[in-house]
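Enquirer: Residue numbers (my numbering): 72 to 575. Note that beta-carbon positions come from the ideal geometry of N, C-alpha and C, so glycine has one too. All of these numbers come straight from a predicted model, not from anything done at the bench.
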Ligand code: ADP
Ligand code: MG
Ligand code: ZN
């Protein structure tokens with residue numbers, strides 16, 4: 072099959088076609104045990120050490136539904152404004168694949184636990200776009216295969232494959248949107264914003280860490296084009312397992328351009344799955360799409376239906392956290408930042424860190440300044456998440472407090488932070504060990520000021536003559552002499568005082 076199609080420039084594609092999108096997001100739940108057995112879900116264990124007859128699909132083993140996973144599913148459904156089914160069943164989705172030892176995946180088919188909801192997402196220009204949710208259903212993850220002996224790690228050319236069933240049976244929630252129409256040229260942006268907002272919601276609910284880079288959340292991007300103004304959807308492609316926000320946007324954009332190229336040249340789109348390639352943002356053909364009937368779905372006979380009591384659902388509804396979008400709006404007002412700054416804070420993963428720093432006593436401006444300045448820079452340098460830096464919100468709040476009380480200036484504060492990050496202890500320990508304190512002893516400061524004046528008589532004369540701006544050079548000399556440990560504003564005052572010039 073040839074995959075090289077000339078792409079149509081994005082703007083040209085949008086001039087002739089309207090995109091229709093559907094997003095299917097899989098979220099691995101953070102439950103302690105698997106969906107249908109008591110095996111641990113902890114990451115990083117020896118391959119196949121977290122398995123049992125049930126998740127290995129041995130004959131006679133019987134599954135039992137994980138109540139905590141059902142609770143998480145209901146919370147997700149409620150947060151997405153969905154109806155919660157009064158009664159629903161699991162189904163067997165039959166297919167043979169070695170990473171699924173039962174030869175079927177236990178999933179939900181026509182009876183999802185949650186359905187008919189929506190999620191409002193915020194776009195770059197500050198407007199909100201409503202994405203309608205078709206359903207959220209429960210299922211289980213598959214094992215992992217590793218193809219060995221080939222050049223590419225793909226099965227083609229490999230000499231053998233290794234299978235790890237530790238992941239087989241980990242609870243998954245799949246959230247499926249209704250067809251997203253009307254986004255026009257912003258379709259790729261909507262896709263990204265939707266996955267981003269969904270991730271915030273999942274994290275706020277505490278049901279998963281939703282780390283895309285760790286595969287805890289992955290997205291299939293369905294996309295089709297229809298001639299501008301048409302009503303009938305075109306044939307879709309489904310780009311599977313896209314695992315970063317940026318890739319979701321790029322995959323959608325690429326497919327718009329590819330579909331447009333095929334359609335404009337009189338070709339037809341085949342319904343198929345596609346693979347996304349990080350290196351160049353392209354997609355290539357996977358397999359032609361199975362129809363539902365290929366899976367021979369039927370109700371799972373080994374499990375009783377799930378019928379969550381209304382009282383339980385209502386109780387879960389009352390303990391839902393504030394919607395992340397609304398929370399950001401509230402914090403934005405409290406912190407007095409622009410919509411643009413708030414999005415930067417969100418993208419940096421800094422919201423909760425800033426909130427915690429404020430809770431630990433810092434003011435909003437200082438908390439934001441440290442996390443989005445020095446610490447963001449460090450995280451960026453080391454290519455880690457802000458939250459992965461070895462410094463706590465309490466540490467940052469302490470540094471901010473030391474600055475506020477005048478015992479540190481910004482420069483010294485940065486050195487304290489550097490010390491904390493280097494594992495030298497809490498801020499106060501770093502201050503102590505490195506001897507970092509603003510020189511506030513007036514006697515010592517005055518002596519340094521007098522030295523600076525004596526050493527720069529010409530400058531001193533200018534200042535005496537009323538050129539207050541020239542005092543900067545003297546301040547610099549004092550700061551140098553005190554190794555930056557003086558309060559620059561106080562130094563300037565002392566200099567002007569000494570030279571009989573006024574600061575105003
Ligand atoms: P499947 O399991 O075959 O992928 P689903 O119904 O689970 O089917 O998911 C299909 C996704 O694609 C849904 O989000 C749906 O809204 C969306 N979709 C359906 N038809 C189209 C289309 N013609 N173009 C774009 N998206 C579509
Ligand atoms: Mg699909
Ligand atoms: Zn098991």
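Let me know the secondary structure DSSP gives residue 506 once reduced to three states.
Expert: Within the chain shown, the letter at position 435 stands for residue 506. Of the three classes helix, strand and coil, the one that applies to residue 506 here is coil, per DSSP.
Enquirer: With which residues is residue 345 paired in a DSSP beta bridge?
Expert: Position 274 of the chain shown, counted from the start, is the residue given in the question as residue 345. According to DSSP, residue 345 bridges with 310, 356.
Enquirer: Compute every distance between the C-beta of residue 240 and the non-hydrogen atoms of the ligand ZN, then say whether any falls below 7 angstroms.
Expert: Within the chain shown, the letter at position 169 stands for residue 240. Result yes, Cβ under 7 angstroms from the ligand ZN.
Enquirer: Per DSSP, residue 190 is paired with what?
Expert: Stepping through the chain shown from its first residue, residue 190 is reached at position 119. Note: residue 190 sits in a beta bridge opposite 202.
Enquirer: Quick one: grab the DSSP three-state call for residue 247.
Expert: Indexing the chain shown from 1 puts residue 247 at position 176. Here residue 247 sits in strand by DSSP.
Enquirer: Mapping DSSP to helix, strand and coil, what is residue 419?
Expert: As a position in the chain shown, residue 419 is number 348, starting the count at 1. In the structure shown, residue 419 sits in coil (DSSP, three-state: anything other than H, G, I, E or B).
Enquirer: Taking DSSP's pairing of strands, which residues face residue 87 in a bridge?
Expert: Here residue 87 refers to the residue found at position 16 of the chain shown. DSSP lists no partner for residue 87.
Enquirer: Could you tell me the alpha carbon to alpha carbon distance between residue 87 and residue 310, rounded to whole angstroms?
Expert: Residue mapping note: residue 87 aligns to position 16 of the chain shown, counting from 1. Residue mapping note: residue 310 aligns to position 239 of the chain shown, counting from 1. The straight-line gap from Cα to Cα measures roughly 22 angstroms.
Enquirer: Is any heavy atom in the ligand ZN found nearer than 7 angstroms to the beta carbon of residue 177?
Expert: Numbered from 1 along the chain shown, position 106 holds the residue referred to as residue 177. Answer for residue 177: no, Cβ out of range of the ligand ZN.
Enquirer: When DSSP labels each residue in this structure, what does residue 96 get in the three-state scheme?
Expert: Counted from its first residue, the chain shown places residue 96 at position 25. Of the three classes helix, strand and coil, the one that applies to residue 96 here is strand, per DSSP.
Enquirer: Sort 120, 179, 243, 561 by Cα distance to residue 367 and report the nearest one.
Expert: As a working mapping, residue 367 is identified with position 296 in the chain shown. The candidate whose alpha carbon is nearest that of residue 367 is 179.
Enquirer: Is the CB-CB distance between residue 416 and residue 425 below 8 angstroms?
Expert: The count along the chain shown starts at 1 and reaches residue 416 at position 345. The count along the chain shown starts at 1 and reaches residue 425 at position 354. Yes, Cβ-Cβ distance for residue 416 and residue 425 is below 8 angstroms.
Enquirer: Going straight from the alpha carbon of residue 418 to that of residue 270, what length do you get?
Expert: Counting from 1 along the chain shown, the entry for residue 418 is found at position 347. Counting from 1 along the chain shown, the entry for residue 270 is found at position 199. Distance between the alpha carbons of residue 418 and residue 270 is about 12 angstroms.
Enquirer: Kindly indicate the opening and closing residues of the beta strand (DSSP E) around residue 177.
Expert: As a first step, residue 177 is located in the chain shown; it is residue number 106 there, counting from the start. Taken as a continuous stretch (DSSP letters only), the beta strand (DSSP E) holding residue 177 covers 175–178.
Enquirer: Counting only beta-carbon separations shorter than 8 angstroms, does residue 89 have a partner in chain C?
Expert: No chain C appears in the structure shown, which is made up of a single protein chain.
Enquirer: Mark residue 285 as exposed unless 16 or more other C-beta atoms lie within 10 angstroms of its C-beta, in which case mark it buried.
Expert: Numbered from its first residue, the chain shown carries residue 285 at position 214. It is exposed - the Cβ of residue 285 has fewer than 16 other Cβ atoms within 10 Å.
Enquirer: Between the Cα of residue 276 and those of 145, 332, 266, spot the shortest distance and give me the residue it belongs to.
Expert: To locate residue 276, count along the chain shown from 1; it is residue 205. Ranking 145, 332, 266 by Cα distance to residue 276 puts 145 first.
Enquirer: Taking residue 152 as the reference, give the member of 504, 203, 347, 445 with the closest Cα.
Expert: For the purposes of this step, residue 152 is taken as the residue at position 81 of the chain shown. Residue 152 has its Cα closest to that of 203, out of 504, 203, 347, 445.
Enquirer: Within the present structure, is the beta-carbon of residue 173 separated from the nearest heavy atom of the ligand ZN by less than 7 angstroms?
Expert: Position 102 of the chain shown holds residue 173. Residue 173: no, Cβ never under 7 angstroms from the ligand ZN.
Enquirer: Just checking residue 470 against the ligand ADP - is the residue's beta carbon closer than 7 angstroms to any of the ligand's heavy atoms?
Expert: Along the chain shown, one-based indexing puts residue 470 at 399. No - the ligand ADP has no heavy atom lying nearer than 7 angstroms to the Cβ of residue 470.
Enquirer: What are the boundary residues of the alpha helix (DSSP H) that includes residue 451?
Expert: What you label residue 451 is simply residue 380 of the chain shown in a count that begins at 1. Here the alpha helix (DSSP H) through residue 451 covers 447–452.
Enquirer: Taking just the CA atoms, how far does residue 518 sit from residue 564?
Expert: Numbered from its first residue, the chain shown carries residue 564 at position 493. Numbered from its first residue, the chain shown carries residue 518 at position 447. Using only the alpha carbons, I get a separation of about 14 angstroms.
Enquirer: Note down, in chain order, each residue of its chain lying with its Cβ closer than 8 angstroms to the Cβ of residue 189, except the 5 sequence neighbours on either side.
Expert: Numbered from 1 along the chain shown, position 118 holds the residue referred to as residue 189. For residue 189, where only same-chain residues beyond five positions count, the Cβ hits under 8 angstroms are 151, 152, 201, 202, 203, 204.
Enquirer: Which same chain residues end up closer than 6 angstroms to residue 314 when comparing Cβ atoms and leaving out the 5 residues on each side of it in sequence?
Expert: Position 243 of the chain shown, counted from the first residue, corresponds to residue 314. These residues qualify, in order along the chain: 283, 289.
Enquirer: Would you say residue 309 touches the ligand ADP, meaning its beta carbon is less than 7 angstroms from a heavy atom?
Expert: As a first step, residue 309 must be located in the chain shown, where it is residue number 238. Yes; taking the cut-off as 7 angstroms, the Cβ of residue 309 has a heavy atom of the ligand ADP nearer than that.
Enquirer: Under 7 angstroms: does the beta carbon of residue 344 sit that close to some heavy atom of the ligand ZN?
Expert: Residue numbering aside, residue 344 sits at position 273 when the chain shown is read from its first letter. Flag unset: Cβ of residue 344 not near the ligand ZN.
Enquirer: DSSP state of residue 162, grouped into three classes?
Expert: Position 91 of the chain shown, counting from 1, holds the residue named residue 162. Looking at residue 162 - three-state DSSP - the assignment turns out to be strand.
Enquirer: Since residue 462 and residue 491 should fall inside the 8 angstroms C-beta cutoff, what is the C-beta to C-beta distance between them, to a whole number of angstroms?
Expert: Locating residue 462 in the chain shown gives position 391, where the first residue counts as 1. Locating residue 491 in the chain shown gives position 420, where the first residue counts as 1. Confirmed, Cβ separation roughly 5 angstroms.
Enquirer: Check whether the region 189–199 and the region 217–235 are in contact - that is, three or more C-beta pairs closer than 8 angstroms.
Expert: Counting Cβ pairs under 8 angstroms, fewer than three are found: no touch.
Enquirer: From residue 434 to residue 401, what does the alpha carbon distance come to, in whole angstroms?
Expert: On the chain shown, residue 434 is found 363 positions in, with the first residue counted as 1. On the chain shown, residue 401 is found 330 positions in, with the first residue counted as 1. Near 16 angstroms, if we compare the C-alpha coordinates of residue 401 and residue 434.
Enquirer: Please name the residue, chosen from 210, 83, 104, that lies closest to residue 374 on a Cα-to-Cα basis.
Expert: Along the chain shown, read from residue 1 onward, the residue named residue 374 stands at position 303. Among 210, 83, 104, the Cα nearest to that of residue 374 belongs to 210.
Enquirer: Thinking C-alpha only, which one of 267, 196, 300, 238 is nearest residue 253?
Expert: By one-based count along the chain shown, residue 253 stands at place 182. It is 300 whose Cα lies nearest to the Cα of residue 253.
Enquirer: Using C-beta distances below 7 angstroms, list every residue in its chain close to residue 257, excluding the 5 sequence neighbours before and after it, in chain order.
Expert: Position 186 of the chain shown holds residue 257. These residues qualify, in order along the chain: 194.
Enquirer: Checking 8 angstroms against the spacing of the C-beta atoms, do residue 100 and residue 244 come in under that value?
Expert: Your numbering for residue 100 matches position 29 in the chain shown. Your numbering for residue 244 matches position 173 in the chain shown. Cβ atoms of residue 100 and residue 244: closer than 8 angstroms.
Enquirer: Quick one: measure Cβ to Cβ for residue 162 and residue 370, integer angstroms, because I've assumed they're closer than 8 angstroms.
Expert: Your numbering for residue 162 matches position 91 in the chain shown. Your numbering for residue 370 matches position 299 in the chain shown. Going by Cβ atoms, the distance from residue 162 to residue 370 rounds to 6 angstroms, so yes, they are a contact pair.
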